[in-house]
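Everything on this sheet refers to the single structure shown next.
Written out as C-alpha coordinates, the structure reads:
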(Lines of atoms letter the chains of each structure in order from A and count residues from 1; the text may use other names and numbers.)
(Lines give C-alpha, C1' and ligand atoms only; values in the text may rest on other atoms or scores of the structure.)
Protein backbone atom coordinates (compact mmCIF):
# COMPACT_ATOMS: atom_id res chain seq x y z
CA UNK A 1 0.00 0.00 0.00
CA UNK A 2 1.34 3.44 -0.88
CA UNK A 3 1.62 6.07 1.80
CA UNK A 4 -0.46 9.14 1.04
CA UNK A 5 1.50 12.22 0.08
CA UNK A 6 2.26 14.57 2.96
CA UNK A 7 -0.07 17.50 3.46
CA UNK A 8 1.03 20.70 1.81
CA UNK A 9 1.86 23.44 4.29
CA UNK A 10 2.84 27.06 3.94
CA UNK A 11 4.13 29.83 6.20
CA UNK A 12 0.79 30.05 8.04
CA UNK A 13 1.59 26.69 9.67
CA UNK A 14 4.85 27.97 11.14
CA UNK A 15 4.46 27.69 14.92
CA UNK A 16 7.03 30.45 15.47
CA UNK A 17 4.90 33.10 13.72
CA UNK A 18 3.46 35.70 16.07
CA UNK A 19 0.40 37.90 16.00
CA UNK A 20 0.64 41.66 15.61
CA UNK A 21 -1.86 41.81 18.52
CA UNK A 22 0.38 42.05 21.58
CA UNK A 23 -2.01 40.36 24.03
CA UNK A 24 -2.30 37.34 21.71
CA UNK A 25 1.36 36.44 22.14
CA UNK A 26 0.88 35.29 25.74
CA UNK A 27 -1.74 32.62 24.98
CA UNK A 28 0.26 29.46 24.13
CA UNK A 29 -2.92 27.33 23.89
CA UNK A 30 -4.27 29.56 21.12
CA UNK A 31 -1.55 30.41 18.60
CA UNK A 32 -2.45 31.97 15.25
CA UNK A 33 -3.22 28.50 13.92
CA UNK A 34 -5.80 27.81 16.66
CA UNK A 35 -8.05 30.82 17.16
CA UNK A 36 -11.10 30.17 19.38
CA UNK A 37 -14.57 30.88 17.99
CA UNK A 38 -17.34 31.92 20.33
CA UNK A 39 -20.38 34.06 20.99
CA UNK A 40 -20.14 37.39 22.76
CA UNK A 41 -22.64 40.03 23.86
CA UNK A 42 -21.64 43.62 23.12
CA UNK A 43 -23.20 46.25 25.39
CA UNK A 44 -24.86 47.89 22.38
CA UNK A 45 -26.52 44.87 20.76
CA UNK A 46 -27.49 41.24 20.57
CA UNK A 47 -25.22 38.24 20.86
CA UNK A 48 -23.00 37.59 17.85
CA UNK A 49 -20.17 35.38 16.71
CA UNK A 50 -16.57 36.35 17.20
CA UNK A 51 -12.99 35.15 17.20
CA UNK A 52 -10.88 35.73 20.31
CA UNK A 53 -7.47 37.18 19.47
CA UNK A 54 -5.61 37.80 22.70
CA UNK A 55 -7.72 40.11 24.87
CA UNK A 56 -9.72 41.33 21.86
CA UNK A 57 -12.64 39.94 19.85
CA UNK A 58 -12.98 40.10 16.08
CA UNK A 59 -16.69 40.76 15.55
CA UNK A 60 -17.74 38.51 12.65
CA UNK A 61 -21.02 40.38 12.17
CA UNK A 62 -19.12 43.64 11.66
CA UNK A 63 -16.64 41.94 9.32
CA UNK A 64 -19.53 40.63 7.18
CA UNK A 65 -21.33 43.99 7.20
CA UNK A 66 -18.17 45.76 6.03
CA UNK A 67 -17.53 43.06 3.38
CA UNK A 68 -13.93 42.73 4.51
CA UNK A 69 -13.72 39.22 3.06
CA UNK A 70 -15.03 37.99 -0.26
CA UNK A 71 -15.96 34.56 -1.47
CA UNK A 72 -18.88 32.24 -2.08
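In the numbering used here, the protein residues as written are 1 to 72. No residue lacks a Cβ here, since even glycine has one placed at the ideal position from N, Cα and C.
DSSP, reduced to helix, strand and coil, places residue 39 within a strand of the structure shown. Nearest to residue 11 by C-alpha distance, out of 22, 62 and 33, is 33. In the structure shown, residue 15 adopts coil according to DSSP, grouped into three states.
DSSP places residue 50 in the strand class (E or B) of the three-state scheme. For residue 24 and residue 50, the gap between their C-alpha atoms comes out near 15 Å.
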